[in-house]
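Report on one structure; see the data block that follows.
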Amino acid sequence: MLGVGLSPLAIGLATAVTGLLYWIGWCIYSLWFHPLAKYPGPKLAAISEIWFVWSWTTGRYPYILEDAHRKYGDVVRIAPNELSFGTVQAHRDIYSTPSKSKKPFLKCGTFYNNGDVTNIFYELDPTEHGRMRKTLASGFTGSAMKNHEHIMHQYVDMFVRKVGELTFGESFNAVSTGKTHFWISLLTDSAHAAILPSFVRRAPSLILLIPFMLSIGAIRNLKKHYEHTQAVVQRRLDRVSGERDIFTPVIEQEGGISDAKLVSLAQAMVIAGADTVTTAMTTALYFLVTRPECLARLQEEVRALEYDKLDGTGVGRFRYLGAVIEESMRCFPPISFGLPRVSPGEMVDGHFIPAGVRVSVAHWIINRSPRVWDRPLEFRPERWLKDDSELSSTQSNTGAVAFPFSSGPRSCLGIAQANLEMRITLSKLIHTFDIRAARDPGDWVAKAQMHMMWRKGPLMIDFRPRVEEEKLIDDK
């Protein structure tokens, strides 16, 4: 019997042809026979993860997604097995608390994955997440915030004089030195690297492109940030006395917690607490200096109260201040991308979504939708005042539409604390200073880039002490 041998060239050619035929077959299936084939979207997104990865790496993902929704409608296919929705009802269907008749949309493992060491943000199991949330919740109660409020005032007052605490019970000295602490800078500078593991889990072959997508400096910054977090956590563990902070109940829980999990939680808390509040505050200042009539109205409200009475109770009564903060987060949401969930085989805004399909709703899309908001691109705090509805949402319940802190069982645990921080800081700044743009900021929102966290452009603001406040500043 004669044997027939194949040359390496023939084997290579056969392999290439087989791969090409498989790819053609996959494209045909994805475009015409896949369960999501009926949903519109970029053709490249229907056949591969390339469109999704490309849109993220540009730093313009929210804007690109907005363009896609404007072109294709309320439901857009953004990956072979993923849909982006742009309606309020979809947000409620995906993120609200599940019921006996409705199965939960669980967090997507390709996005929320922190390896073996998980935390409240990455935990996929609802039961374990509930346990973590219950442990942390005592650090965010009304009484706990009341006990922490003097720390907020201490640093806000220092900032007023100088034109985070709370998490670990120690200061980063960013206010006293006038410089951003390097820990926060490391986080900001390397934020774009945080999404890359998700890309690889989506398409393992992308690991070959990581060296071209991620600089050595970013990798080094991630390592430095982790090492400094370890040091901060260790100092907190070594401190056996002193003021209670939001980590106290975690450390004291029965059975304890591993150092690795505590470090993981610490990193996540810094991301949640540092960037979101900073973004909201900066956005508020941008819109105030570009909308003088809004600034004048806020000044009138805030300055009607003495500076020393700008505590939690005092600032809580400022309705227009609350409207300014809400409108700032609507116009430029700190978390602008969709938080992916996995469909259990349920309805989303009238569409049956098969089990296993990734779904999300980006706040950026809802908040800029003319179907949800009247003149959505305009900064109009009045829309949040029910008895001053010069401009109102087309929805009956405005507060339930913007979702700046998400909703349901995975909503932000620190909503009240973030709101208090913003109210105290903004009210004291507006009470003390007359502000104006030192340089034309242009369209500051349109220039920003999203790399998990917003990378914002410079915003130059001139702070001038009010004449009647100059003595107060000197006396502080």
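Residues in the sequence shown are numbered from 473 upward in steps of one, following our numbering.
Beta carbons: idealized from backbone N, C-alpha and C, even for Gly.
Predicted model, so just to flag it, every value in this text is computed and none were measured.
Cutoff 6 Å; reference residue i; Cβ partners in own chain excluding five residues on either side
i, result
"Met473", "At Met473, the pLDDT of 46 sits below 50, so the modelled position is not reliable; the number obtained from the coordinates is stated separately. Around Met473: no qualifying Cβ."
"Lys928", "Ala920"
"Ser502", "Ala518, Ile519 and Pro552"
"Arg673", "Thr582"
"Phe524", "Ile550 and Ala551"
"Pro512", "Tyr544"
Rounded Cβ spacing between residue i and residue j (contact assumed at less than 8 Å)
i, j, result
"Arg791", "Leu857", "6 Å"
"Phe557", "Val829", "That belief does not hold up - the Cβ atoms of Phe557 and Val829 are roughly 12 Å apart, past 8 Å."
"Val547", "Leu555", "6 Å"
"Ala890", "Thr748", "7 Å"
"Cys499", "Val814", "Contact doesn't hold; Cβ gap of about 24 Å is too wide."
"Ser808", "Pro534", "4 Å"
"Asn773", "Leu760", "Note that residue 773 corresponds to Glu in the displayed sequence, not to Asn. Not confirmed; about 13 Å, so no contact."
"Glu521", "Ala675", "4 Å"
"Asn591", "Ser736", "5 Å"
"Leu770", "Ile902", "6 Å"
Outcome for residue i when other beta-carbon atoms lying within 10 angstroms are tallied against a minimum of 16
i, result
"Lys900", "buried"
"Phe505", "exposed"
"Ala952", "For residue 952 there is no data in the structure shown, the boundaries of the chain being 473 and 948."
"His622", "exposed"
"Glu778", "exposed"
"Ile550", "buried"
"Val489", "exposed"
"Leu492", "exposed"
"Pro805", "buried"
"Trp495", "exposed"
"Ile483", "exposed"
"Lys486", "What sits at residue 486 in the sequence shown is Ala, not Lys. Exposed, because fewer than 16 other Cβ atoms sit within 10 Å of the Cβ of Ala486."
"Arg802", "buried"
"Pro480", "exposed"
Per DSSP, the bridge partner or partners of residue i
i, result
"His823", "Val820"
"Asp906", "Arg936"
"Met922", "Trp926"
"Val949", "Since the first residue of the chain shown is 473 and the last is 948, residue 949 is not available in this structure."
"Arg813", "Lys579 and Val831"
"Ser571", "Lys574"
Cut-off 7 Å between Cβ atoms - residues of its own chain near residue i, not counting five sequence neighbours on either side
i, result
"Ala918", "none"
"Glu595", "His601 and Met604"
"Lys574", "Glu818"
"Pro826", "Pro507, Ser815 and Gly817"
"Tyr758", "Pro913, Trp916 and Leu931"
"Asn869", "Because Asn869 sits at a pLDDT of 48, beneath the cut-off of 50, its placement in the model cannot be relied upon, and the following sentence gives the value as read from the coordinates. So no residue of the chain qualifies."
"Val787", "Leu793, Arg895, Ile896 and Ser899"
"Ser670", "Thr582 and Phe583"
Cutoff 8 Å; reference residue i; Cβ partners in own chain excluding five residues on either side
i, result
"Ala910", "Met932, Ile933 and Asp934"
"Ile797", "Ala752, Ala756, Asn891, Met894, Arg895 and Leu898"
"Leu578", "Leu596, Pro598, Arg813, Val814 and Pro816"
"Ile566", "Phe557, Phe577, Arg813, Val820, Val831, Ser832 and Val833"
**Request:** Starting from the N-terminal side, write out each stretch of the beta strand (DSSP E) that is 3 residues or longer and does not extend beyond the stretch 489-569.
**Result:** 547-551 and 554-557
**Asked** Can you list, in chain order, the stretches of the alpha helix (DSSP H) that have 4 or more residues and sit fully within the stretch 720-791?
**Response** 720-724, 731-742, 748-762, 764-774 and 784-788
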